[in-house]
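For reference, the structure is listed below as structure tokens.
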Amino acid sequence: NQYLRYDQLLEAVNTLAQQCNLLRSNTCRQQEIGSAYEGRKLIVLRIEKSQTDKQKRKVWIDGGIHAREWISPATVLYMADVLISKGLNRRMWTPEVVALLDYYDFLMLPLYNPDGYEYSHSHYRFWRKNRQTNGGHPSQSRVCRGVDLNRNYGYKWGGSGSSSDPCQDNYRGTGPFSAMESAAVKRFVEQENSDKKILLFLSYHSYGQYVLMPFGFKRGAYPRPALSAGKMSCVAFFGSREMFATNHRFYIHGTSADVLYEASGGSDDWAHGSLEVPYSLTVELPDDGAYGFLLPPAYIRNVGSEAVRGLLAMLRTIHDLE
Ligand code: 0X9
Ligand code: ZN
Numbered sequence: 122n123q124y125l126r127y128d129q130l131l132e133a134v135n136t137l138a139q140q141c142n143l144l145r146s147n148t149c150r151q152q153e154i155g156s157a158y159e160g161r162k163l164i165v166l167r168i169e170k171s172q173t174d175k176q177k178r179k180v181w182i183d184g185g186i187h188a189r190e191w192i193s194p195a196t197v198l199y200m201a202d203v204l205i206s207k208g209l210n211r212r213m214w215t216p217e218v219v220a221l222l223d224y225y226d227f228l229m230l231p232l233y234n235p236d237g238y239e240y241s242h243s244h245y246r247f248w249r250k251n252r253q254t255n256g257g258h259p260s261q262s263r264v265c266r267g268v269d270l271n272r273n274y275g276y277k278w279g280g281s282g283s284s285s286d287p288c289q290d291n292y293r294g295t296g297p298f299s300a301m302e303s304a305a306v307k308r309f310v311e312q313e314n315s316d317k318k319i320l321l322f323l324s325y326h327s328y329g330q331y332v333l334m335p336f337g338f339k340r341g342a343y344p345r346p347a348l349s350a351g352k353m354s355c356v357a358f359f360g361s362r363e364m365f366a367t368n369h370r371f372y373i374h375g376t377s378a379d380v381l382y383e384a385s386g387g388s389d390d391w392a393h394g395s396l397e398v399p400y401s402l403t404v405e406l407p408d409d410g411a412y413g414f415l416l417p418p419a420y421i422r423n424v425g426s427e428a429v430r431g432l433l434a435m436l437r438t439i440h441d442l443e
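Sequential numbering of the sequence shown, starting at 122, is according to mature numbering (1 follows the signal peptide of the UniProt record, and there is no 0).
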């Protein structure tokens, strides 16, 4: 019902993890994968029904990489809640979610950019980047702080749609993974994918209502044929179709560069291009511009429910394709 502050959000994740383990012991774990520039924790919630099944594939889900996109962390938290209650609580469970937790482990980072998120609550609502100082920059202006974490990834870093100017909102940083937050995520995701177990990589943003696939760094660059060919667009389409069916909000699907704009150094491009994760998508949550980033909290449940149904449809589609 409301957009939580950083402390409340970590408390909510903690509560979820406890509930999860009451329903089924040793299923959820919180992992501190690193910290943000100002010291706030980066917490991944692992939902893992069996630690011994070596066949299980993994699903990575992150939210809140951009500070002002408040609906994103709220939605990722909502999705974790639904996976746990419908997958583990026998009073609520639905067979599809129960089966899902048998097939996949979920690694969820609801709040990627806690410093920026707090700043967008306390000082400036439309802040986007993290909050690091950009060493040696002569300007005292506060806009010259921060790195756009979604321009800081190592695949095709430094190309179009990213800026070398620290005062811009899409500042790419001094080099690939120069930001503490993205470096922590890189380290963790690479380690989790050392056996190529990540099947689906999802990043939730707002706003615009898109399901975006690689590549974003240049127009006319498409997912790797050997890994996915047309399959990824099929997954994007069925995800957007299901989200439309839920609340009649229409999502456009396509490659980022083709349907949105060229932007290099994004997480989705890195997951697919460098890590060779077969399915990598960025979801731009509602709305389509009426409220934009200022989406009222009354929308959280709606957006959460369509995001959950979209996720299930994407996983169902992947299951059928693989
Ligand atoms: O520009 C972005 O980082 C994303 N849009 S947003 O308005 N939430 O900032 C889109 C990223 C799409 N992916 C790539 N360009 N790789
Ligand atoms: Zn974003």
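Glycine included, C-beta positions come from ideal geometry on N, C-alpha and C. Remember, predicted model here, so these are calculated numbers, not experimental data.
Residue i to residue j span [Cα, whole Å]
i	j	result
G216	Q151	Looking at the sequence shown, residue 216 is not Gly but Pro. Each residue's alpha carbon lies about 25 Å from the other.
L416	N122	12 Å
S315	G394	15 Å
I192	L348	31 Å
V180	R167	10 Å
E443	S354	14 Å
N135	L321	24 Å
G329	G184	15 Å
K277	C149	35 Å
R422	D408	13 Å
S327	R212	33 Å
G155	A392	19 Å
Y420	Y225	28 Å
S285	F358	34 Å
F309	R263	31 Å
I164	R126	14 Å
G413	T196	15 Å
S283	F336	14 Å
Option in the options with minimal Cα separation from residue i
i	options	result
N368	L228, R430, P418 and A300	R430
W248	K207, P297 and I186	I186
V268	Y276, H326, K277 and R293	R293
A157	R370, V306 and T403	V306
N142	D128, Q176 and G208	G208
L432	Y124, L396, K317 and L402	L402
F251	S285, Y276, S262 and N291	At residue 251 the sequence reads Asn, which differs from the Phe that was named. The shortest C-alpha separation from N251 is found at N291.
Q312	L228, P194 and Y224	L228
G256	L131, E159, L222 and T295	T295
S171	D223, K162, L130 and I182	D223
A378	V356, S388, D389 and R340	R340
P147	T173, K162, E159 and I164	Note that residue 147 is Asn in the sequence shown, not Pro. Of the listed residues, the one whose Cα sits closest to N147 is T173.
H244	T254, S284, N210 and R189	R189
M200	I154, E153, W391 and L137	L137
L436	V165, E169, R178 and F371	R178
N271	S385, P235 and Y124	S385
G387	P194, S206 and Y325	Y325
M364	Y343, P346, V398 and E405	E405
S206	A195, A428, V197 and V219	V219
P194	K175, G237 and G160	G237
L130	F414, P235 and G282	P235
E153	L333, R370 and E302	E302
V332	E159, V380 and L125	V380
F396	W214, K317, L125 and R145	Reading the sequence as shown, one finds Leu at residue 396 and not Phe. If we check each option's Cα against that of L396, K317 comes out closest.
residue 446	R126, M334 and P346	Nothing in the structure corresponds to residue 446, since the chain is present only between 122 and 443.
A300	I182, G160, Q140 and D128	G160
Q289	S281, G275 and R266	R266
L204	G425, A366 and P344	G425
Residue range of the unbroken beta strand (DSSP E) whose run includes residue i
i	result
M301	No beta strand (DSSP E) holds M301; the alpha helix (DSSP H) holding it covers M301 to E313.
S156	C149 to S156
Y325	I319 to S327
G375	I373 to T376
R167	K162 to I168
For residue i, the first and last residue of its enclosing alpha helix (DSSP H)
i	result
T186	The sequence given here places Ile at residue 186; Thr does not occur at that position. Run containing I186: none; DSSP gives neither H nor E here.
Q139	Y127 to L144
Chain D contact for residue i (CB, 9 Å cutoff)
i	result
K162	Looking at the structure shown, chain D is missing, and only one protein chain is on hand.
Margin query: Give me the pocket residues for the ligand MG, defined as CB within less than 7 Å of any heavy atom, sorted by chain position.
Written below: Because the ligand MG does not appear in the structure shown, any question about it cannot be addressed here, the ligands present being the ligand 0X9 and the ligand ZN.
Check your understanding: Which residue spans inside the region 388-422 form an unbroken beta strand (DSSP E) run of at least 3?
Key -> 400-406
(Q) I'd like the ranges of any beta strand (DSSP E) spanning at least 3 consecutive residues and lying wholly in the region 193-250. (A) 225-230
Curious, which full-length beta strand (DSSP E) runs of at least 3 residues does the region 324-369 contain? 331-334
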